[in-house]
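Student: Sharing a structure, written as structure tokens. Questions coming.
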Amino acid sequence: MNCAKTEWVTSRRDFLQRTGAGFGWLAFCALQTQRCLANMGSSKEAQNPHHTPFAKHVIFLMMDGGPSHLDTFDYKPKIARADFDPSPFEFRAFGKSGLRMANIFPNLSMHADDLCLLNGMYASSGEHTAARLGLLTGSEMIRRPALGAWSFYGMGTENEDLPGFVTIGSSGGVGVRGFSSAYLPSRYQGIRMDSGLGIPFLGPLRSKDVQKSQVELIRDMSRRLEKEDPRNSEIDAVARSFERAFAMQASVPKIMDFSKVDKKTKESYGNTLFGRKCLLASRLVQNGVRFVQLDLSGWDHHSDLPKVLLERTKEMDAPVAALIGDLKNQDLLKDTLIVWGGEFGRSPRMASGGRDHNNEGFTMWMAGGGVKGGIRYGATDDIGKKAVDGRVSMPDLHATILYALGLDAEKVYEPWLENDASLRSSPGHAVKSIFR
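79 is the number of the first residue of the sequence shown in the working numbering; add one for each residue after it.
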């Protein structure tokens with residue numbers, strides 16, 4: 079296709095926009111942003127693993143706003159002696175491992191022996207938007223592919239009827255940047271889903287006969303266009319996007335039909351929006367989706383922390399515990415890495431009953447996917463202000479997640495124009511010692 083042929087491109091856009099469910103049109107728009115000649119058709123479905131994978135799937139639970147590590151998973155008995163503010167919640171030892179955490183997680187604490195607490199996390203920014211982008215893409219400022227896009231790119235997909243990367247919800251308030259493929263081929267961008275509404279803009283379910291006729295029409299037009307411009311891989315890619323959209327129209331409603339889930343499992347997740355997100359994440363992984371990311375907002379507690387944090391943990395506790403238990407029952411936890419955490423932590427000093435931002439030290443945790451359970455890795459200082467041992471940056475976290483999937487962050491790259499676009503200029507170092 080010649081980019082200078084404006085009228086021809088416009089008519090083709092009209093054709094795509096008015097045909098089918100509209101999802102192919104969205105895919106085509108994404109392709110257009112990848113430059114006039116999209117490289118989607120020439121990209122590999124998956125790279126060869128650099129080592130034996132520990133996990134096949136990732137569920138990334140983003141706690142948007144910055145949870146207070148000092149009141150959840152980072153026990154600091156000496157903080158009061160240093161004239162700072164201790165947690166209003168009691169910390170107790172849970173499980174056979176005796177892992178210490180606040181007693182505000184009655185359900186999650188039952189899975190203490192599955193958790194690996196990363197107590198030495200730190201981030202480059204203490205500002206929400208920049209830190210969220212760092213958490214999701216590894217870069218606070220430069221446009222980079224989301225971690226889910228890299229995971230899909232490196233591992234491929236297990237189910238051609240479903241996307242390899244799904245985001246459920248708002249992606250931490252940063253919009254499409256939180257699930258963008260950036261300079262990777264656009265097929266690796268995350269597909270946004272709602273836990274109650276399915277995929278926005280996917281459109282109503284068409285009959286098989288209608289779908290077949292539409293795909294045949296698109297394929298016929300594609301063959302004609304390919305004769306005019308045989309080097310343009312974008313033409314076939316658009317046709318394939320329609321086929322994927324039609325397949326998703328049939329497969330997604332089945333996954334979102336929670337009536338097929340047994341009553342006890344549904345009740346364990348609870349009847350809340352976040353509970354439905356977690357249940358949907360489990361269903362997607364069960365059906366082969368490679369990377370699922372979902373969020374729970376409301377962790378920015380500058381005031382009235384004892385009350386609002388307790389409300390938030392009550393909303394989170396049962397669904398996350400149910401997710402772990404559900405995956406165990408499906409024998410999928412060993413193959414699924416669950417990652418929990420926010421963009422930063424909170425300060426050791428309270429003001430107005432809350433804690434301010436603190437990116438110098440905080441906690442995230444992992445479970446499943448070959449990670450050792452019932453352990454801590456790293457530590458903050460005695461007041462929980464700064465990571466001092468086993469320090470893990472956001473690039474390190476991403477490298478660790480990719481390591482779980484069998485990928486070396488320093489070797490994951492995409493041939494792009496004249497240069498090899500790598501994971502990032504500083505790919506981070508995987509924390510290998512936390513794996514079995």
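Ideal Cβ positions, reconstructed from N, Cα and C, are used throughout, including at glycine.
Quick one: give me the first and last residue of the beta strand (DSSP E) that Phe369 is part of.
Tutor: Position 291 of the sequence shown, counted from the first residue, corresponds to residue 369. It spans Phe369 to Leu374 - the beta strand (DSSP E) in which Phe369 sits, taken as one unbroken run.
Student: I want to know whether the segment 213 to 224 touches the segment 246 to 260 - three or more CB-CB distances under 8 angstroms.
Tutor: yes
Student: To the nearest angstrom, report how far apart Ile333 and Leu240 are at their CA atoms.
Tutor: Within the sequence shown, residue 333 is the residue found at index 255, counting from 1. Within the sequence shown, residue 240 is the residue found at index 162, counting from 1. Distance between the alpha carbons of Ile333 and Leu240 is about 10 angstroms.
Student: Secondary structure at Ala429, three-state DSSP: helix, strand or coil?
Tutor: As a working mapping, residue 429 is identified with position 351 in the sequence shown. Note: Ala429 maps to strand in three-state DSSP.
Student: Three or more C-beta pairs under 8 angstroms: does that hold for the segment 422 to 432 against the segment 398 to 406?
Tutor: no
Student: Check whether the segment 383 to 391 touches the segment 435 to 448, counting contact only when three or more Cβ pairs, one atom from each stretch, lie closer than 8 angstroms.
Tutor: With a cut-off of 8 angstroms, the segment 435 to 448 and the segment 383 to 391 do not count as touching, because too few Cβ pairs lie within range.
Student: Exposed or buried, what is Asn436 when buried is set at 16 or more other beta-carbons lying within 10 Å of its beta-carbon?
Tutor: By one-based count along the sequence shown, residue 436 stands at place 358. It counts as buried.
Student: Which of the three DSSP states is assigned to Leu262 in this structure?
Tutor: Numbered from its first residue, the sequence shown carries residue 262 at position 184. Leu262 falls in the coil class under three-state DSSP.
Student: Take Leu186 as the anchor and find which of Arg159, Gly242 and Arg170 has the nearest alpha-carbon.
Tutor: As a working note, residue 186 is residue 108 in the sequence shown. With distances taken between CA atoms, Leu186 lies nearest to Arg170 out of Arg159, Gly242 and Arg170.
Student: Under three-state DSSP, which class holds Val417?
Tutor: As a first step, residue 417 is located in the sequence shown; it is residue number 339 there, counting from the start. The answer is strand: DSSP assigns Val417 an E or B state.
Student: Is DSSP giving Gly251 helix, strand or coil here?
Tutor: Taking the sequence shown and counting its residues from 1, the one referred to as residue 251 is at position 173. Residue state, collapsed to three classes: helix.
Student: Under 8 angstroms between the Cβ atoms of Thr414 and His135?
Tutor: Within the sequence shown, residue 414 is the residue found at index 336, counting from 1. Within the sequence shown, residue 135 is the residue found at index 57, counting from 1. Yes, these two residues count as a Cβ contact at 8 angstroms.
Student: Taking 8 angstroms as the limit between beta carbons, can you name the residues of its chain near Asn181, skipping five residues before and five after?
Tutor: Your numbering for residue 181 matches position 103 in the sequence shown. Contacts found: Phe167, Glu168, Phe169, Arg170 and Ser187.
Student: With a 10 Å radius around its C-beta and 16 neighbouring C-beta atoms as the bar for buried, classify Gly253 as buried or exposed.
Tutor: If you number the sequence shown from 1, residue 253 lands on position 175. Exposed, because fewer than 16 other Cβ atoms sit within 10 Å of the Cβ of Gly253.
Student: Pull up the DSSP beta-bridge partners for Ser381, would you.
Tutor: Counted from its first residue, the sequence shown places residue 381 at position 303. Gly431.
Student: Secondary structure at Ile333, three-state DSSP: helix, strand or coil?
Tutor: The residue labelled residue 333 in the question sits at position 255 within the sequence shown. It is helical.
Student: On the criterion of 16 or more Cβ atoms from any shown chain inside 10 Å, does Thr130 qualify as buried, or is it exposed?
Tutor: Counting from 1 along the sequence shown, the entry for residue 130 is found at position 52. By the neighbour-count rule (16 or more Cβ atoms within 10 Å), Thr130 is not buried but exposed.
Student: Tell me whether Phe172 sits in a helix, a strand or coil according to DSSP, three-state version.
Tutor: As a position in the sequence shown, residue 172 is number 94, starting the count at 1. Strand.
Student: State the DSSP-derived secondary structure class of Asp272, mapped to helix, strand or coil.
Tutor: Taking the sequence shown and counting its residues from 1, one reaches residue 272 at position 194. Correct three-state label for Asp272: strand.
Student: Taking the C-alpha atoms as reference points, what is the distance between Ala108 and Gly268?
Tutor: In the sequence shown, the residue the question calls residue 108 occupies position 30. In the sequence shown, the residue the question calls residue 268 occupies position 190. Residue confidence is low: Ala108 scores 39 on pLDDT, short of 50, so the model does not pin down where it sits. Its coordinate-derived value is still stated next. Taking the straight line from one Cα to the other gives about 11 angstroms.
Student: Near Gly431, what residues of its chain come up, given a Cβ to Cβ distance below 8 angstroms and the 5 sequence neighbours on each side ignored?
Tutor: On the sequence shown, position 353 is the one that residue 431 refers to. So the list reads Ser381, Asp382, Leu383 and Pro384, once near-sequence residues are dropped.
Student: Measuring alpha carbon to alpha carbon, tell me which of Glu238, Phe336, Val330 and Tyr455 ends up nearest Phe151.
Tutor: As a position in the sequence shown, residue 151 is number 73, starting the count at 1. Nearest C-alpha to Phe151: Tyr455.
Student: Helix, strand or coil, according to DSSP, for Asn197 in the structure here?
Tutor: For the purposes of this step, residue 197 is taken as residue 119 along the sequence shown, with counting starting at 1. Three-state result, Asn197: strand.
Student: Can you give the Cα-Cα distance for Phe101 and Ser471, rounded to whole angstroms?
Tutor: Numbered from its first residue, the sequence shown carries residue 101 at position 23. Numbered from its first residue, the sequence shown carries residue 471 at position 393. In this predicted model, Phe101 has a pLDDT of only 42, less than 50, meaning its place in the structure is not dependable; the value taken from the coordinates is given anyway. Whole-angstrom Cα-Cα distance: 37 angstroms.
Student: Less than 8 angstroms between the C-beta atoms of Gly462 and Leu148, yes or no?
Tutor: Residue 462 sits at position 384 when you count from the first residue of the sequence shown. Residue 148 sits at position 70 when you count from the first residue of the sequence shown. In contact: Gly462 and Leu148 (Cβ atoms closer than 8 angstroms).
Student: When we look at the beta-carbon of Ser337 and count the other beta-carbons within 10 Å, is it buried (16 or more) or exposed?
Tutor: The sequence position of residue 337 within the sequence shown is 259, counting from 1. Label assigned to Ser337: exposed.
Student: Compute the beta-carbon to beta-carbon distance between His379 and Arg427, rounded to the nearest angstrom, for a pair I have assumed lies under 8 angstroms.
Tutor: As a position in the sequence shown, residue 379 is number 301, starting the count at 1. As a position in the sequence shown, residue 427 is number 349, starting the count at 1. At roughly 14 angstroms, the Cβ-Cβ gap does not stay under 8 angstroms, so His379 and Arg427 are not in contact.
Student: So Asn237 packs on Gly446, CB below 8 angstroms; how close in whole Å?
Tutor: Along the sequence shown, one-based indexing puts residue 237 at 159. Along the sequence shown, one-based indexing puts residue 446 at 368. Wrong, their Cβ atoms sit about 20 angstroms apart, outside the cutoff.
Student: Output yes or no for whether 8 angstroms exceeds the beta carbon distance between Ala508 and Ala465.
Tutor: To locate residue 508, count along the sequence shown from 1; it is residue 430. To locate residue 465, count along the sequence shown from 1; it is residue 387. No. Outside cutoff.
Student: Rounded to a whole number of angstroms, what is the C-alpha to C-alpha distance between Ser165 and Pro145?
Tutor: Working through the sequence shown from its first residue, we reach residue 165 at position 87. Working through the sequence shown from its first residue, we reach residue 145 at position 67. Rounded to the nearest angstrom, the two C-alpha atoms are 13 angstroms apart.
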